[in-house]
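Residue numbers (this note's numbering), protein chains in the order written: chain A, 1 to 1037; chain B, 1038 to 1515. No residue lacks a Cβ here, since even glycine has one placed at the ideal position from N, Cα and C.
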Amino acid sequence: MRSFLAGCLTLVCGSALFAEPGSAGTSRPKIDYSRDIKPILSNHCFACHGPDPKALKAGLRLDLPESAMKALASKGIAVVPGKPEKSELVARIRTADKGEIMPPPSHGKPLSAEQKDLLQAWIAAGAEYQSHWAFVKPVKGPLPATSNPAWAKGEIDAFILNRLDRAGIKPAGEADKQTLIRRVSLDLRGLPPTLQEVEQFLADKSPAAYEAMIDRMLASPRYGEKMAQLWLDLARFGDTSGYHYDSTRQMWMWRDYVINSFNTNKPFDRFTIEQLAGDLLPNPTTEQKIATGFNRNSRFNEEGGADPEEFVIRYNVDRTNTLGQTWLGLTLGCAECHTHKYDPISHKEYYQLFAFFAGIQEPMASGNHGASLPPLLKLPTPEQEKNIADAKAKKEKMLKDIATALAGAKYEEPKATEAKPPEPKDIVWVDDGLPKGAAAQGDGAAKWQFVSAIAKQGKMSVRRSGPGTHQDYFTGATEPLTVNNAKDILFGHVFLDPKDPPKTVMLQWNDGTWEHRAYWGEDKAFLVGSPDSVNHRKAGPLPKTGEWVRLEVTCEQVGLKPGAKINGLAFTQADGTVNYDAAGIRTTAADERYLTSLETWETKAKVDTKIPGDVQAAIKIEKAKRTPAHLKTIREHYLRFVYSGTRPTFEPLQKQLDEADKTITDTEKAIPYTLVTEEMPKARDSYILIRGDFLQKGEKVGRGVPAVFPPLKKSKHWLMSWKQPSRLDLAEWVASPEHPLTARVFVNRMWAQMFGTGIVKTLGDFGTQGEYPSHPELLDWLAADFVQTGWDVKKMFKKIALSNTYRQSSAFSGTTPDVDPNNRLLYRAPRFRISAEEVRDNALAISGLLSPKVGGPSVMPYQPGDFYKGRNENWAWSNATGEEQYRRGLYAFWRRTSLHPMFALFDAPSREECAAQRPRTNTPLQALVTLNDPTFVESARVFAQQILTKAPADTDARLTWAFRTAVTREPSPAERAALKKQLSTLLDRYKKDKKSAEAVVRVGQSPRPENLDMSEQAAWTGVCNVLLNLDETLTRE
Amino acid sequence: MLFSPESNRRRFLTQVSSGIGYAALASLLTEQGHAAPSTEPVAVPGSLGKTHFPPKVKNVIYLFMAGGPSHVDLWDHKPRLKEMHGQDMPKSILGDQRVTLMTRNQGHFKTASTGYKWTKHGQSGLEVSEALPHLGKMADDLCLIRSIHSEPINHDPAVTFMQTGRPQPGLPCMGSWMSYGLGSVNKDLPAFTVMISGPMDQPIPSRYFHSGFLPSQHQGVQFLAGNDPVLYLSNPQGVSPETRGELVGGINELNRLRHGEVKDPEIEARIKSFELAFKMQSSVPELMDITKESAKTLELYGPEVKTPGSFARHCLLARRLVQRGTRFVQLFHRGWDQHGDVTGGVKRQAGATDQPAAALLQDLKNNGLLDETLVIWGGEFGRTAYGQGNLSGGFGRDHHPRCFSMWLAGGGVKKGTVIGKTDDFGYNVAERPVHVNDLHATILQLMGVDHKKLTFRFGGRDFRLTDVAGEVVKEALA
């Protein structure tokens, strides 16, 4: 029996880890199908002998006793209860024949000798099958007896101690009060306790002190924030769309709904229903509508060319899988492409669940970055509402004033005048110097060499000489050249040296880009742009040498449109010696006769596309045929917007009207919104998708839930018109007390929050491939209790926190029991690193920087400046200022495809999809964050300020104060001595190096009292940097 | 499971846990150091403990040409395109496959000729476009696969597919798998390094080099051209290296005191992390400093090597990284998404990448590293044989995952070979299709890994890079 037991313990993934350890000499422990056998069958056999009919081999299903115990085509019977020697299964796992052995070597998952022994022993003992534990409704079993009833006074402790008793392990002693308050504070609030809170707790000597402290923690608004962190991972909450360009969206009101729900201790079933189907509740409240953002947290594709059909299916696949992971603890996603290989979820059942989401209204896909994602719920602030109302009133008034003014305005068409349209003329821009504001640049040392030996006009010209392609150029002229007409002529003058002619001369103009080029001669200057197009225009042969030649090109030839403003010019040549002079534009000044003559204006207005449609329509009507209404339209437009005689009257009125309009538009744009769920009148049809491919539609399916679970209740919410259950029915089914999984899965998450690991370690997988619970009866007891208390989350946390199990010391006792190296039986409290957000929050809290503000739009904490470089330069990041910089990590802007590196390095998920569990790693890159990230450096600097201004003046007392602020407990003499030595070294250094000291104390945006000695503060900042980086600071003990 | 702190601790004590190798690995360096190709599986500091096969190479440099380089303008010469220029593509060739909405709405699919001349190179006679004169000269070192095919048709899922074997997010990318399975032999540098260059075109989000469900120490670490070559590497103003050394010493001293009290092995792991972080502060700048490279070497890569952040600089750094034992270096070069002016665009892109990529092969060879390094060149898909936009203007080409070209070079790879063939239009695979999963299986094989056996249990099943498919392309192996 010894070898048998040892075998159980070496199964790393199998649940046999928790097989009852019998002590030497006792009888064989009872084999439990769920715990010992099913994991083996599931992991090694079900792929071909399990629920998936497509993969089924030899017609044998080992997950069903009726199939396993039935004669096969080969006449053999896989499992003959009590008779391993007659069981084909035993023969096939034990054979030496490579063609016969099961699992086949090609499967790549051979059985270990111990697993073979277990299977054989199970058959010998009668091959008892049981339903998968998690698919049976949990009930409260009897409390087990324990060796120490005084310790095990609560239910949790009874189950835990009973299990420890059976393993022969004793629980650890109780942790001290300082450790306990820090533990409870971190577990329930994600923050360390303040010194004041610690003092209050230590001073309270009453027996109820601990319970009162828990109540204070649960009442803190920080509790809801901590809980939201867990929920946000599941709900795949982010501030961006999550695909490709990853544009921003607003979902923070939904995030705040989550925080508030936990803070007000909303019953978990209510919380569930509101998020999945709040929109379908009778007369949903604003809060319930916001809650439905849960469904809209899925990603949205905005890549050009994406197929909308494909992505609308992806969104609903995501919703189905999220439902599975979040509430059911099931990896439903496996059944997207085929019937689940391990759990009883068929391919069809997957799409029946999927169908519940197929009625959600949303845009399918968009090629536009940052497209609106209706349906949205817009919630203006009272101030915004007032601003809009005020602006609308003002708009009304202005329209009235304008109407009045129009009624009184006078106009008479002037007599035909002699005035002729203006003639084109040269505007010389570069002559004897550069235009105002121009930044002169050029190749070589000699740029913009004005020489007086020769000039086309003025006194000087620009001379350039040398081999290869080179140029003089400028940009940034503050009085740019304006292009008025497409045919305006750009010109410049050149004098080519007959003894040293260039191969090419080129002129280039800049209106924001340099993509406007014309060259004369060979194509030997820069080979940029497309041949003979606006950015590489061949304008003619090389000009004659030895004389001034005027080079000309029309604006349209080089792609400069009317209205363009030219701010830069380049003289470029390939080889040779060239003098340049007198460059500019030949243009026609604007013809302004229309300002005083309605008739002149009409001619112009006929082709002006900017004129409102009704005005233009009226103008286009022959004069004789115009009605009085037409005439009024034309006249009023002219007087109001064009005629110079009435502009002094209308301009100020129009200005005020425009301002009112702008206020309305701007305010409406700024109204916060959140994505919500609404049901379409008719849902999209749902089909089984073969291999999950949206192009391969199989059978059409209606809405339904997997047969292994309790059926849907036929309720009044059924969508009667098409006789299908609604999303609300689904939500009520999930949140039903009858559901075997919902309460278990959430209670297990609460447990994991308090112990670092769940009773079921695989938080998102309660299926047959998930890990068997370490304490199944306890989990069932808690789940049943949770439902009985009305899904009371705070009550459950309090129950756990009050247990002796929770209150144990986390110190390693020195010898780790062999039977439980990972402390899954909880003979001591666990010790684990806090989460990414908490690592940040703790530094801010310890230093005193942390903002207490709850909720609101997401904020941007310091992020390395070049983080988006190469990823997507169009993403904007501007570090938040003031209080917003010091908000909890929960509020940090979550860019889903490129998460802020601090969070990513500390294992926070991207939240592109539901994340049921975070890994917990320990890496050098994390050390670099806490050592050098500005948030942590500034925290150390401000922490030092606190020490120097708030702690007692004596160094030892200051060190103690600082140490306690960081990790709650007092330092040991050795710890204090080490810190003191460090302080003194730093002090020496920063006294000598005042410049460095100043750099240290000026880091970050927050203010510093100028009366503090910089060297002293810099030295203390170093000490604080040490404190903020201690393992203990980053760890919940 | 690797999630719980307990198992982390145990793993640390029993084997080795971090993506950035620990000092304990020093002994493994001798097995994985510069030596003759192994004939036996070798011990590795990753989760595998030992490779499945004798590895042909130790390191990978993956030149990811992001955006989808046009195979018919670079690697796959199709004279038929010129003959048929301007005519409708035959229906028999187009089939009923998906095209993106960008050209679906265009209403016509006109054959578009390449704007390049083609030359046969070397003893292998490999035909390469004149856009790639330098890589052409390396033809006899390349194993060109012309029949790669993928599935997704949009950038985001297609890059994700090429990187992770699945179009949806959440899975680890190839470099993370290598870091996880094989670990790193260098104590002071990350096992999986990423550098990004090229014009703003398609985004390269962190997800493309993320570790998915693998522990986050296996995510790609991006090296940057700015002041901080690795995020958070530089000390804050006013903190000298000497001060930093003392502060880290102080942190570790106090951590040791705490360890004496609570005896949690995780504290020892944290002490190591801080020691390594401190070491990286000098090892990474040393790596990035190219001033000691010879003028001859710099010349090989071309003038752009002097520009930090350029593809040329990154190629040189890639060589320096593998020289120091970095397992997987991935360079992304953006800008290959030629929906318009494919001829001009390819010229610009090739101009920035051709010489440096060829130089990298030559430089690796000169340093005796090419035999132990696998170099991969390719994008997420190719481009259509039909034009996008008006053929009389600067037409472009649309996304084309049905067939495209990639090449491998280096140890264990058959040199001067072409694998697979496309039809006369470069539109469908005609011979020897190579799926992305097959490519991944082959890459792992060269690293000594059986692609079916490098797995990780997540969400109830064992995942691997090749999902449920993948056959090693034997023809690519020497």
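For residue i, the three-state DSSP class (helix, strand or coil)
i	result
A:Phe-474	strand
B:Leu-1169	coil
B:Asn-1096	strand
B:Gly-1449	coil
B:Leu-1065	With a pLDDT of only 38 at B:Leu-1065, under the threshold of 50, the placement of this residue in the model should not be trusted, and no figure is reported.
B:Leu-1085	coil
A:Val-793	helix
A:Val-553	strand
A:Gly-242	strand
B:His-1108	helix
A:Ser-1038	No answer is possible for residue 1038 of chain A: the residues shown for chain A start at 1 and end at 1037.
B:Ala-1060	For B:Ala-1060, the pLDDT reaches just 36, beneath the cut-off of 50, and the residue's location in the model is therefore unreliable, although a value from the coordinates is still provided. Of the three classes helix, strand and coil, the one that applies to B:Ala-1060 here is helix, per DSSP.
A:His-775	coil
A:Arg-28	Any reading at A:Arg-28 must be qualified, since the residue scores a pLDDT of 47, below 50, and its modelled position is unreliable; the value itself is stated next. Coil, per DSSP.
A:Asn-842	helix
A:Glu-310	helix
A:Gly-492	strand
A:Lys-538	strand
Beta-carbon proximity check, residue i vs residue j, cutoff 8 Å
i	j	result
A:Gln-508	A:Ala-438	no
A:Thr-897	A:Gly-242	yes
B:Ala-1103	B:Ala-1387	no
B:Arg-1371	B:His-1108	no
A:Ala-966	A:Phe-906	no
A:Val-494	A:Asn-579	yes
A:Leu-118	A:Ile-31	yes
A:Leu-232	A:Arg-216	no
A:Thr-577	A:Phe-526	no
A:Thr-677	A:Thr-292	yes
Residue i beta carbon near the ligand ADP (any heavy atom closer than 7 Å)
i	result
A:Gly-770	Absent from the structure shown: the ligand ADP. Ligands present: none.
Compile a chain-ordered list of the residues in the region 890-909 of chain A whose CB is closer than 7 Å to at least one CB of chain B. For the region 890-909 of chain A, the residues whose beta carbon sits under 7 Å from a beta carbon of chain B are, in order, Thr-897, Ser-898, Leu-899, Pro-901, Ala-904, Leu-905 and Asp-907.
Between the region 1262-1284 of chain B and chain A, which residues of the former have a C-beta closer than 9 Å to a C-beta of the latter? Against chain A - using a Cβ distance shorter than 9 Å - the residues of the region 1262-1284 of chain B are Ala-1262, Gly-1263, Asn-1264, Asp-1265, Val-1267, Leu-1268, Tyr-1269, Leu-1270, Ser-1271, Asn-1272, Pro-1273, Gln-1274, Gly-1275, Val-1276, Ser-1277, Glu-1279, Thr-1280, Arg-1281, Glu-1283 and Leu-1284.
Counting Cβ pairs, one atom from each stretch, are 3 or more of them under 8 Å apart for the region 1495-1509 of chain B and the region 1461-1480 of chain B? The region 1495-1509 of chain B is in contact with the region 1461-1480 of chain B.
With 8 Å as the C-beta to C-beta threshold (strictly closer), list the residues of the region 1361-1386 of chain B near chain A in chain order. Contact residues of the region 1361-1386 of chain B toward chain A are Phe-1369, Arg-1371, Asp-1378 and Gly-1381 (C-beta to C-beta distance below 8 Å).
Which runs of the beta strand (DSSP E) fall wholly inside the region 412-473 of chain A and span at least 3 residues, in chain order? Those beta strand (DSSP E) runs which fall completely within the region 412-473 of chain A and span 3+ residues are 424-430, 439-442, 449-451 and 461-465.
Counting beta carbon pairs with one atom in the region 176-186 of chain A and one in the region 194-210 of chain A, are three or more of them shorter than 8 Å? Touching, per the Cβ criterion.
What are the uninterrupted segments assigned as alpha helix (DSSP H) that are 4 or more residues long and contained completely in the region 1274-1323 of chain B, given in chain order? With a minimum length of 4 residues, the continuous alpha helix (DSSP H) runs that stay inside the region 1274-1323 of chain B are 1278-1299.
Contiguous alpha helix (DSSP H) assignments of at least 4 residues, all confined to the region 1136-1199 of chain B: Runs of alpha helix (DSSP H) with 4 or more residues, each lying fully within the region 1136-1199 of chain B, are found at 1138-1141 and 1170-1174, listed in chain order.
Contact between the region 1372-1379 of chain B and the region 1429-1449 of chain B is defined here as three or more beta-carbon pairs at a separation below 8 Å; is this criterion met? As far as the Cβ criterion goes, the region 1372-1379 of chain B touches the region 1429-1449 of chain B, which means the pair count is three or higher.
Continuous alpha helix (DSSP H) assignments of at least 4 residues falling wholly in the region 921-997 of chain A: Inside the region 921-997 of chain A, DSSP marks whole alpha helix (DSSP H) runs of 4 or more residues at positions 924-932, 934-950, 955-967 and 973-992, from first to last along the chain.
For the region 234-248 of chain A, list every residue whose C-beta sits within 7 Å of some C-beta in chain B, in sequence order. Under the 7 Å Cβ criterion, the region 234-248 of chain A contributes Tyr-243, His-244, Tyr-245 and Asp-246.
Every unbroken alpha helix (DSSP H) inside the region 687-768 of chain A [4 residues or more]: You should have 727-734 and 742-755.
Could you tell me which uninterrupted alpha helix (DSSP H) segments, each at least 4 residues in length, are contained entirely in the region 1329-1389 of chain B, listed from first to last along the chain? Complete alpha helix (DSSP H) runs here, min 4: 1332-1338 and 1348-1360.
Are three or more beta carbon pairs between the region 875-895 of chain A and the region 288-304 of chain A nearer than 8 Å? Taking 8 Å as the limit for Cβ pairs, the verdict is that the region 288-304 of chain A does not touch the region 875-895 of chain A.
When Cβ atoms are compared, which residues of the region 1004-1031 of chain A fall closer than 9 Å to chain B? Hits within the stretch, in order: Ala-1018, Thr-1021, Gly-1022, Val-1023, Asn-1025, Val-1026, Leu-1027, Asn-1029, Leu-1030 and Asp-1031.
The region 585-602 of chain A contacting the region 424-437 of chain A, beta-carbon criterion three pairs below 8 Å: In short, these stretches touch, since the Cβ pair count reaches three.
So if I threshold CB-CB distances at 7 Å, which residues from the region 166-183 of chain A count as touching chain B? Flagged: no residues at all.
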